[in-house]
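Everything below concerns the one structure shown next.
Protein chains: 2
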Amino acid sequence: MPLVNRLKKLKDDKYQLTPQRQAVFQALNDIILEHPTAEDIYARAKKYYSQIGLATVYRTLELLLELQILNPILVPKGSTRYEAAHSRHAHFVCLGCGRIIDVDKHLNQYANAVEQEAGFAVTSTSVQLFGYCADCNHQQ
Amino acid sequence: MPLVNRLKKLKDDKYQLTPQRQAVFQALNDIILEHPTAEDIYARAKKYYSQIGLATVYRTLELLLELQILNPILVPKGSTRYEAAHSRHAHFVCLGCGRIIDVDKHLNQYANAVEQEAGFAVTSTSVQLFGYCADCNHQQ
DNA sequence: ATATGTGCAAATGGTTTGCAGGGCA
DNA sequence: TGCCCTGCAAACCATTTGCACATAT
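Protein chains in written order, with this note's numbering: chain Y, 1 to 140; chain D, 1001 to 1140.
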């Protein structure tokens, strides 16, 4: 479901669709693909509702995380970044050429195995495999 | 290579083997399997060198990260946890109770599938599965 | 003598929270 | 009325840094 359409879900639920939350949604719709920080989203949201406060942005992001509409991307230094939630998504990152390739295909099998074996419910993933792609592997 | 033996590597390189760093190593040797925070390591290291400061623990951990002896485990809330660096390793992070559980068992199958299918060579991983453990799942 | 390492306390910076006010049900 | 939502500023807390002193090479 596209990000913007989730507004309806928000409205259908017990949550109010305030102008501030609309502004955050519009900001996300603009820049979510850039893996924005809360500050990035705040700056963009101001274009739609200039009086919005940073705390409101954080509170809205927290709400969207709870609703599984967004995922956090945790990085060693600096602030958390956000992306549209894919429940099960994985990247292969080539250490040779830097390409990032989606390798979702067999992730479900792995996640299912973990769920069945230990009784966990896997709701989202942060999976990066590092190594060398076919091209770079031959060159080594 | 076991964690403790890496002391030698540290000594062979340009780094000094101070009593403070020894204390951090001994602490890590004791509790690294528990995914400790810097505070956990600090508390344990005090048993070996009571005057050690928290800043020194952080500086030593940073050094060990650079040397690829440790890996950070980034979590949505709370402080960074540390583990011994492994090439293929995965965590399940419970969003209910915060527990971090190793789920390496089927990761190799997944990594191997990616390797065979696309001709990649997977050398290391950063894999976090988020969700709810059996206990927290029942409570929901 | 020079570089490296340390403890302490203060600073930093991302995030959260208390509070008083505002708006919708 | 009651509850949810907001902005602001202050608080919070993990981590980093400045500094003066210590230690190793």
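Yeah, the Cβ is synthetic: ideal placement off N, Cα and C, and Gly gets one too.
Name the chain Y residues that come within less than 9 Å of residue i, Cβ to Cβ?
i: residue 1134 of chain D; result: 118, 119, 120 and 121
i: residue 1063 of chain D; result: Near residue 1063 of chain D there are no residues of chain Y at all, since even the closest Cβ is about 14 Å away, more than 9 Å.
i: residue 1074 of chain D; result: 74, 75, 76 and 126
Residue i touches chain D at which residues, Cβ-Cβ below 9 Å?
i: residue 24 of chain Y; result: Neighbours of residue 24 of chain Y on chain D: none; closest Cβ ~19 Å, over 9 Å.
i: residue 53 of chain Y; result: Those within 9 Å of residue 53 of chain Y in chain D number zero; the least Cβ separation is about 21 Å.
Against residue i, what residues of chain D qualify as contacts under a CB-to-CB distance less than 7 Å, listed in chain order?
i: residue 36 of chain Y; result: The contacting residues do not exist; residue 36 of chain Y stays about 17 Å from chain D at best.
i: residue 57 of chain Y; result: Those do not exist, as residue 57 of chain Y stays about 17 Å from chain D at its closest Cβ, beyond 7 Å.
i: residue 129 of chain Y; result: 1111, 1114, 1122 and 1125
Under 8 Å Cβ to Cβ from residue i, same chain only, skipping five residues before and after it: list those, please.
i: residue 1171 of chain D; result: The structure shown has nothing for residue 1171 of chain D, since chain D only spans 1001 to 1140.
i: residue 1120 of chain D; result: 1114
i: residue 1079 of chain D; result: 1037, 1038 and 1039
i: residue 1068 of chain D; result: 1085
i: residue 1075 of chain D; result: 1081, 1093, 1098 and 1100
i: residue 974 of chain D; result: Residue numbering for chain D in the displayed model covers 1001 to 1140; residue 974 of chain D lies beyond these limits and cannot be assessed.
i: residue 54 of chain Y; result: 38, 39 and 42
i: residue 73 of chain Y; result: 35, 80, 81, 82, 83 and 126
i: residue 52 of chain Y; result: 20, 23, 24, 42, 45 and 46
Determine the chain D residues that contact residue i at a beta-carbon separation under 8 Å, and present them in chain order.
i: residue 137 of chain Y; result: 1119, 1120 and 1121
Leaving out five residues on either side along the sequence, give the residues of the same chain with a beta carbon under 7 Å from the beta carbon of residue i.
i: residue 1130 of chain D; result: 1093 and 1095
If you drop the 5 nearest sequence neighbours on each side, which residues of the same chain put their C-beta closer than 6 Å to that of residue i?
i: residue 1135 of chain D; result: none
i: residue 1027 of chain D; result: 1041, 1044 and 1045
i: residue 1103 of chain D; result: 1090 and 1092
i: residue 1071 of chain D; result: 1083 and 1085
i: residue 1032 of chain D; result: 1084
Could you tell me if the beta carbon of residue i falls within a distance shorter than 7 Å of some heavy atom in the ligand MG?
i: residue 59 of chain Y; result: Of ligands this structure carries none, so the ligand MG is not represented either.
The segment 1094-1106 of chain D touching the segment 87-107 of chain Y, judged by at least three CB pairs closer than 8 Å = Segments in contact, no.
message = List, from N- to C-terminal side, the beta strand (DSSP E) runs of 3 residues or more that fit wholly inside the segment 71-116 of chain Y.
response = 81-84, 90-94 and 100-102
ask   = What residues from the segment 1098-1109 of chain D come within 9 Å of chain Y, judged by C-beta to C-beta, listed N to C?
value = Flagged, chain order: 1101, 1103, 1105, 1106, 1107 and 1109.
task = Tell me the start and end of each unbroken alpha helix (DSSP H) in the segment 1024-1068 of chain D that is at least 4 residues and wholly inside, in chain order.
result = 1038-1045 and 1054-1066
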